[in-house]
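**Q** First, the structure itself, so that you have it in front of you.
Numbering (the working numbering), first residue to last: 303 to 583.
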């Protein structure tokens, strides 16, 4: 992630991490960290199973979680975390080193620094800030700036995205009214335009999440991806038709409320979100 962390400074509030693993090598890597306070965390609580983790969370506050369990138990733990959708999660294995464990903690701390920040006059909730972080990341992803499939999987879990990264999804580009529109008629900037587009196009529809990204070169991209655990469309063409219908309705709203003429410039069904990286499918 690109979010910065204030290394070398002790935070007034220390975040609380829960390490859920029965793997001694993973435990050793995290217990080998000597600078928890400088990372902004208390020493982690430990749990060996999903059941023990749930019991711990019922008694103690948890800000972030690292999971290192066998596949079946790992999935069960992630499912349990659906009841805690704002807690960043990282998965680990027995190849982890102390240096990698430190990087994991920094990544979780970086998200928490964003979602828990005091924005004074701007009354953003923690959920609002997590959503904002997700939008920033998807803008990076659809812009082709994410290079590695593992990084996509890691960041989507950190950001607690509902979108399933390994199933077919639809990408649609909307044409701007004219070249240089953001520097000309729409002077509020790309960020304000993206917020306006989210309010119109953003939705959870028929088991899919639709996100809007306004990328650097004045492109508006709709990403429609099935959500984890939801029933998928019967075919790629059905999915494409649903997204097209949703987009057309949004285009009419944009014309009515913003006076902006948009149209569908291109659309495609991708095998999955991971296909947007340099590594491909």
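Glycine included, each C-beta is placed from N, C-alpha and C at the ideal position. Only a predicted model underlies this, so the values are computations on that prediction, with no experimental measurement involved.
In whole angstroms, what is the alpha-carbon distance linking residue 381 and residue 530?
**A** Locating residue 381 in the chain shown gives position 79, counting from the first residue. Locating residue 530 in the chain shown gives position 228, counting from the first residue. Spanning the two alpha carbons is a distance of roughly 10 Å.
**Q** From the DSSP output, read off the bridge partner residues of residue 517.
**A** Within the chain shown, residue 517 is the residue found at index 215, counting from 1. DSSP output for residue 517 lists 521 as bridge partner(s).
**Q** Should residue 525 go down as buried or exposed, given a rule of 16 or more other Cβ atoms within 10 Å for buried?
**A** Translated into positions along the chain shown, residue 525 becomes position 223. Result: buried.
**Q** Along the chain, where does the beta strand (DSSP E) that runs through residue 507 open and close?
**A** Translated into positions along the chain shown, residue 507 becomes position 205. Residues 505 to 507.
**Q** What are the start and end residues of each continuous alpha helix (DSSP H) run of 4 or more residues lying completely inside the region 335 to 408, in chain order?
**A** If we require 4 residues or more, the alpha helix (DSSP H) runs fully inside the region 335 to 408 come out as 352 to 361 and 373 to 382.
**Q** Alpha carbon to alpha carbon, how far is residue 521 from residue 478?
**A** Translated into the one-based positions of the chain shown, residue 521 becomes position 219. Translated into the one-based positions of the chain shown, residue 478 becomes position 176. Approximately 7 Å, taken between the alpha carbons.
**Q** Nearest-angstrom Cα distance between residue 418 and residue 317?
**A** Here the question's residue 418 lines up with position 116 in the chain shown. Here the question's residue 317 lines up with position 15 in the chain shown. Whole-angstrom Cα-Cα distance: 10 Å.
**Q** Determine the direct distance from the alpha carbon of residue 517 to that of residue 451, and round the result to whole angstroms.
**A** As a position in the chain shown, residue 451 is number 149, starting the count at 1. As a position in the chain shown, residue 517 is number 215, starting the count at 1. Near 21 Å, if we compare the C-alpha coordinates of residue 517 and residue 451.
**Q** How long is the line joining the alpha carbons of residue 422 and residue 415, rounded to whole angstroms?
**A** Here the question's residue 422 lines up with position 120 in the chain shown. Here the question's residue 415 lines up with position 113 in the chain shown. Residue placement at residue 422 cannot be trusted, given a pLDDT of 49 that sits under 50; the coordinates are not used to answer.
**Q** Look up residue 274 in the DSSP assignment and say whether it is helix, strand or coil.
**A** As displayed, the chain neither begins before 303 nor continues past 583, which places residue 274 out of reach and without an answer.
**Q** Would you call the CB atoms of residue 510 and residue 528 closer than 7 Å?
**A** What you label residue 510 is simply residue 208 of the chain shown in a count that begins at 1. What you label residue 528 is simply residue 226 of the chain shown in a count that begins at 1. Closer than 7 Å, so yes.
**Q** Please list the terminal residues of the continuous alpha helix (DSSP H) segment that includes residue 328.
**A** Position 26 of the chain shown, counted from the first residue, corresponds to residue 328. Residue 328 -> alpha helix (DSSP H) spans 326 to 333.
**Q** Under the rule that 16 or more other beta-carbon atoms within 10 Å means buried, what is residue 342, buried or exposed?
**A** Position 40 of the chain shown, counted from the first residue, corresponds to residue 342. Looking at its Cβ environment, which holds 16 or more other Cβ atoms inside 10 Å, residue 342 is buried.
**Q** According to the neighbour-count rule (16 or more other Cβ atoms, all chains shown, within 10 Å of its Cβ), is residue 580 buried or exposed?
**A** Within the chain shown, the letter at position 278 stands for residue 580. Residue 580 is exposed by the Cβ-count criterion.
**Q** Using a Cβ-Cβ cut-off of 6 Å (strictly less than) and excluding sequence neighbours within five positions of residue 393, which residues of its own chain qualify?
**A** Taking the first residue of the chain shown as position 1, residue 393 is located at position 91. Answer for residue 393: 369, listed in chain order.
**Q** Determine the DSSP secondary structure at residue 472, reduced to helix, strand or coil.
**A** On the chain shown, position 170 is the one that residue 472 refers to. In the structure shown, residue 472 sits in a strand (DSSP, three-state: E or B).
**Q** Any contact between the region 538 to 552 and the region 492 to 506? By contact I mean 3 or more CB pairs, one from each, below 8 Å.
**A** Yes, they touch.
**Q** For residue 487, which of 566, 560, 473 and 426 has the nearest alpha-carbon?
**A** On the chain shown, position 185 is the one that residue 487 refers to. Minimum Cα distance to residue 487 is reached at 560.
**Q** Check whether the Cβ atoms of residue 472 and residue 542 sit closer than 7 Å, and answer yes or no.
**A** As a working note, residue 472 is residue 170 in the chain shown. As a working note, residue 542 is residue 240 in the chain shown. For residue 472 and residue 542, yes; Cβs fall inside 7 Å.
**Q** Over what stretch of residues does the alpha helix (DSSP H) that includes residue 553 continue unbroken?
**A** Residue mapping note: residue 553 aligns to position 251 of the chain shown, counting from 1. Unbroken alpha helix (DSSP H) run through residue 553: 538 to 560.
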